[in-house]
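With the numbering used here applied, the sequence shown covers 1 to 271. Cβ atoms here follow ideal geometry from the backbone N, Cα and C, with glycine treated the same way. Everything numeric in this text was worked out from a predicted model, so none of it was measured. Structure first, commentary second.
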Amino acid sequence: MTIDPGEQVIIETSDASTGRIHRPEDLPAYLAVRDPHRVNPAGGPIFVRGAQPGDELAVTIERISLAEQGFVRAMPGGPVLPDVAGPTAIMVKVDGDTLIYPGGLRWPARPMVGVIGTAPADGIVYTAHPGPQGSNLDCNAIRVGAKVYLPVHVPGALFALGDIHASMGDGEVSGTGVEINSEVQVKIELLPGQAHTRPWVEVDGAIVATGSAPEVHQAIAVAVAGLAGLLGERYRLSRTEAFMLISARGDVRVGQCCGGLDATAYATFVI
Ligand code: CA
Ligand code: CA
Numbered sequence: 001m002t003i004d005p006g007e008q009v010i011i012e013t014s015d016a017s018t019g020r021i022h023r024p025e026d027l028p029a030y031l032a033v034r035d036p037h038r039v040n041p042a043g044g045p046i047f048v049r050g051a052q053p054g055d056e057l058a059v060t061i062e063r064i065s066l067a068e069q070g071f072v073r074a075m076p077g078g079p080v081l082p083d084v085a086g087p088t089a090i091m092v093k094v095d096g097d098t099l100i101y102p103g104g105l106r107w108p109a110r111p112m113v114g115v116i117g118t119a120p121a122d123g124i125v126y127t128a129h130p131g132p133q134g135s136n137l138d139c140n141a142i143r144v145g146a147k148v149y150l151p152v153h154v155p156g157a158l159f160a161l162g163d164i165h166a167s168m169g170d171g172e173v174s175g176t177g178v179e180i181n182s183e184v185q186v187k188i189e190l191l192p193g194q195a196h197t198r199p200w201v202e203v204d205g206a207i208v209a210t211g212s213a214p215e216v217h218q219a220i221a222v223a224v225a226g227l228a229g230l231l232g233e234r235y236r237l238s239r240t241e242a243f244m245l246i247s248a249r250g251d252v253r254v255g256q257c258c259g260g261l262d263a264t265a266y267a268t269f270v271i
C-alpha cells in the first residue's frame, strides 16, 4: 500500500499464531509448524510517499478493535519459570472492555500493539525480533492515544504493525500476552529530518524511550540512554543531569523477557 503523509489507515491484524489457535487443542498442530522467527505477522509494508532515510514517522494509534477471544500460551523451558507444565494454551474471551479468564476471573482489557516498525537499513528483519527499526517492542505504552515515533531507514519507510494483545503484563513472562486478532486504525505523519536512533512514544502526558538487547539489563540501559537524550533535547540538560532526573522521577519497565530473542525495556517520564 502507498499513502501520503497524514493519511489514516486501517490494518487488520492476525494474532501471533496467524489465527491458528481457536481452542487449546489447536496448540500442538500450531507448534509443529511454528517458526519462532516468523511469529507475530504484521500488516504492511506501507510505503509513505516522500519518506527518506533520516526522517521520522509519527504514528498515532487511534483505535484498536479486538476479536471475540484471544489466547495465552505457556511452554516449559523458558527463562522465567522453566518448570511450568505445557505446552498449553488458555482461551480468554472478550466481553466489551472486559476480559474473561476461565473460572470467571474478569479484568479490564488493555489493548496494545506488540509489533510496530519500519524496514531496517539492510537485510531481513523478522517480526519476532526487536531492534532500532522497532518491530517486536512489546511496549505497553503503545496503546490507543499513543504517538509512536519511528526512524526511517529506507525510502518510503515501509511501515508495518501487528501482534496485538488484548492485555499483556509488563515482561510478557510466558512469551505471550492475550494474543488476538484485531483491527487497528492509525494516522501516519512524516517529520522530515527528525529521526532519533530508536522508536520512542508520547502517551498520556509522558515521553517513553524504548530499548532492546540480548539481556534485560542491557535493554534497560538502551532505553535509559534514549530517554536521557529526549529529556536533554527538551529541557537542555546534560546527559548526566538527565540520567539523574530519570533516576529521581522516571520509571523503567520491562517490555518482554521471554527468551529466545532480544529482551525489550522502556523508560517513561511523565512531563
Ligand atoms: Ca510480541
Ligand atoms: Ca505477543
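Please report the distance separating the alpha-carbon of residue i from that of residue j.
i, j, result
"H153", "L105", "44 Å"
"P199", "F243", "19 Å"
"A58", "R49", "14 Å"
"G6", "G44", "17 Å"
"A85", "G232", "47 Å"
"R23", "M112", "22 Å"
"D55", "G70", "36 Å"
"I11", "V186", "8 Å"
"L190", "F47", "12 Å"
"A128", "G78", "16 Å"
DSSP three-state label for residue i, please.
i, result
"I207", "strand"
"V39", "coil"
"S135", "strand"
"P28", "helix"
"G169", "coil"
"S295", "Any question about residue 295 goes unanswered here, given that the chain covers just 1 to 271."
"R143", "coil"
"V113", "strand"
Does the beta-carbon of residue i have 16 or more other beta-carbons within 10 angstroms, so that it is buried, or is it exposed?
i, result
"P235", "Rather than Pro, the amino acid found at residue 235 in this sequence is Tyr. Y235 comes out exposed."
"M1", "exposed"
"S238", "exposed"
"I124", "exposed"
"Q33", "Per the sequence shown, the amino acid found at residue 33 is Val instead of Gln. So V33 ends up on the exposed side."
"G103", "exposed"
So who's on the other strand from residue i, going by DSSP bridges?
i, result
"V254", "A265"
"D95", "T98"
"T2", "F47"
"F159", "I46"
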